[in-house]
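Novice:
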């Protein structure tokens, strides 16, 4: 093995917004009142952009979670954020949850990968009640359902939302119109392919990669599966992981 090199590799990359989540696929987190149209928009966006959908109703059914207290909601939503982060390593993710509390939204954004977007699906309470085919708002009004967002539990002003979609049903605000507004979130930057027979990376290689990143390009490093020798001591899988670990905060894929 080449002398003078001591390689220490941690295989588990950190997950978290500010602390260094890996660049990868988009996570779009939709928030809004019950009946605002989150699921409808999310399902249409999933079909168009090929994303994975995590939706409030189906996820709660899956986990059999009926704790709608503030503490229960926070625990549930932060768990979903961690799940979305893991899934986003493989595919874009669209999350559709009421997410009523601003402090919890901020915590979610800290967990999600860098570049994730929170979208407020905005509709008035009156319109949401008119759309309420399940009669949930009526039950909340009579006290049959407690801790119901917008009635007996607050929906904080979404100050940390990056985008707002007007889903009131007014002309020019159809589902297709709103899905169109999300298109830029799923566009992949132009990519450049670089050879990756490096053992290990040195300053010159890092300079080449950084030049491409500075131009806003996505860098794909092609790993050639060469035999292990004295001059080439690392197998392809190790070289791949070394590069991905080194560039876990950048748009670099090996």
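In the numbering used here, the protein residues as written are -17 to 236.
Glycine included, C-beta positions come from ideal geometry on N, C-alpha and C.
Where residue 161 and residue 55 are concerned, what is the direct C-alpha to C-alpha distance, given to the nearest angstrom?
Specialist: Approximately 27 Å, taken between the alpha carbons.
Novice: Where does residue 212 sit, in a helix, a strand or coil, going by DSSP?
Specialist: Note: residue 212 maps to coil in three-state DSSP.
Novice: Which value, in whole angstroms, describes the spacing of the CA atoms of residue 172 and residue 234?
Specialist: If you take the alpha carbons of residue 172 and residue 234, they lie about 12 Å apart.
Novice: CB-CB under 6 Å to residue 98, same chain, minus the five flanking residues each way: which ones, in chain order?
Specialist: These residues qualify, in order along the chain: 9.
Novice: In the DSSP output, which residue or residues are listed as bridge partners for residue 77?
Specialist: DSSP, once it has assigned bridges, lists 11 and 36 as partnering residue 77.
Novice: Would residue 78 and residue 20 qualify as a contact pair, given that the criterion is a beta-carbon distance under 7 Å?
Specialist: Yes, the pair counts as a contact, with Cβ atoms nearer than the cut-off.
Novice: By the 10 Å Cβ neighbour count, where 16 or more other Cβ atoms means buried, how is residue 120 classified, buried or exposed?
Specialist: Answer is exposed; the Cβ neighbour count stays below 16.
Novice: DSSP three-state call for residue 58: helix, strand or coil?
Specialist: Helix, per DSSP.
Novice: If you drop the 5 nearest sequence neighbours on each side, which residues of the same chain put their C-beta closer than 7 Å to that of residue 133?
Specialist: So the qualifying residues of the chain are 119, 122 and 123.
Novice: Just to confirm my understanding: we take residue 45, look at its own chain, exclude 5 residues before and 5 after, and list those with CB closer than 8 Å. What are they?
Specialist: Result list for residue 45: 58, in chain order.
Novice: Helix, strand or coil for residue 113, going by three-state DSSP, please let me know.
Specialist: Correct three-state label for residue 113: coil.
Novice: Rounded to whole angstroms, what is the Cα-Cα separation between residue 76 and residue 90?
Specialist: Using only the alpha carbons, I get a separation of about 14 Å.
Novice: If we ignore side chains and look at the alpha-carbon of each, how far apart do residue 88 and residue 207 end up?
Specialist: Each residue's alpha carbon lies about 43 Å from the other.
Novice: Considering only DSSP beta bridges, list what residue 177 is partnered with.
Specialist: According to DSSP, residue 177 bridges with 204.
Novice: Let me check one thing: in DSSP terms, what residues is residue 147 bridge-paired to?
Specialist: DSSP output for residue 147 lists 103 as bridge partner(s).
Novice: Can you tell me the Cβ-Cβ gap for residue 96 and residue 231, rounded? I've got them flagged as a contact below 8 Å.
Specialist: At roughly 7 Å, the Cβ-Cβ gap stays under 8 Å, so residue 96 and residue 231 are in contact.
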